[in-house]
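The sequence shown: position 49 = 58 (this note's numbering), numbered continuously.
Glycine included, every Cβ here is placed at the ideal spot set by N, Cα and C.
Scroll down for the structure; my scribbles are underneath it.
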Amino acid sequence: SSGINAEYGEIVALRKLSYCRTYTLHYTGALETLDTLVDLINNFTAGPDEGGSGNMTSHLHETLQYCELTTILLLLIMDTPRKHLSPAHRNLLERYSTVPVDLLDRVPQPERFCTMVEIVVATQHKDVEVLTKLRDKLYPRLSGQQNELFSELVKKVETVSLVLL
């Protein structure tokens, strides 16, 4: 049980560190922290079950989803050429760049998956209107950090769109 508490404490600390790095606009550091957090959770869930509760499993799953969306938002804001991304980050963006029709039957949460695709594709196409609607729709379900990042992404796409006009 003390192992679970230590792991949980580390998860909470890393999540806070990710927020602080985002808040100070140290996006690369925030990505590194999120990657560490994902690795920690994956290692924790791959290890022997120490009698953890369903609540802990649910919390870990929610934290992984949080990390994934936050990572995507950071990657889209940073707009690093794909060839300079780590393989994991490149794969993450590619996963949400298209929607193979047969895949939707196999995705555990098709609505969430489609929303992630909409975010990535709207950003790639510089579609401010779609991004704004998504931001407004998702606002109540996102963390403060994610809402700030989403607003930053919309501003960035607006700026790029104005330059292209």
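From the options, residue whose alpha carbon lies closest to that of residue i
i: residue 123; options: 78, 154, 17; result: 78
i: residue 30; options: 167, 170, 168, 155; result: 155
i: residue 106; options: 81, 23, 158, 87; result: 81
i: residue 161; options: 144, 149, 172; result: 144
i: residue 50; options: 148, 125, 118, 21; result: 21
i: residue 76; options: 16, 132, 164, 44; result: 44
i: residue 170; options: 121, 138, 70, 158; result: 138
i: residue 133; options: 47, 90, 48; result: 90
Own chain, CB closer than 8 Å to residue i, minus 5 neighbours either side, in chain order
i: residue 84; result: 40, 94, 98, 101, 102
i: residue 69; result: 20, 50, 53, 54
i: residue 121; result: 74
i: residue 163; result: 137, 140, 141, 144
Alpha carbon of residue i to alpha carbon of residue j, nearest angstrom
i: residue 166; j: residue 136; result: 8 Å
i: residue 126; j: residue 104; result: 8 Å
i: residue 92; j: residue 118; result: 29 Å
i: residue 168; j: residue 140; result: 13 Å
i: residue 96; j: residue 88; result: 15 Å
i: residue 159; j: residue 18; result: 27 Å
i: residue 157; j: residue 38; result: 17 Å
i: residue 172; j: residue 153; result: 29 Å
CB contact flag (residue i, residue j, <8 Å)
i: residue 28; j: residue 86; result: no
i: residue 24; j: residue 72; result: yes
Residue i, buried or exposed, once every other Cβ within 10 Å from all chains shown has been counted against 16
i: residue 33; result: exposed
i: residue 129; result: buried
i: residue 66; result: exposed
i: residue 15; result: exposed
Residue i at chain C interface by Cβ criterion, 8 Å
i: residue 146; result: Absent from the structure: chain C. Only one protein chain is present.
Neighbourhood of residue i by C-beta, 7 Å cutoff - its chain only, sequence neighbours within 5 removed
i: residue 42; result: 23, 26, 27, 30
i: residue 148; result: 156
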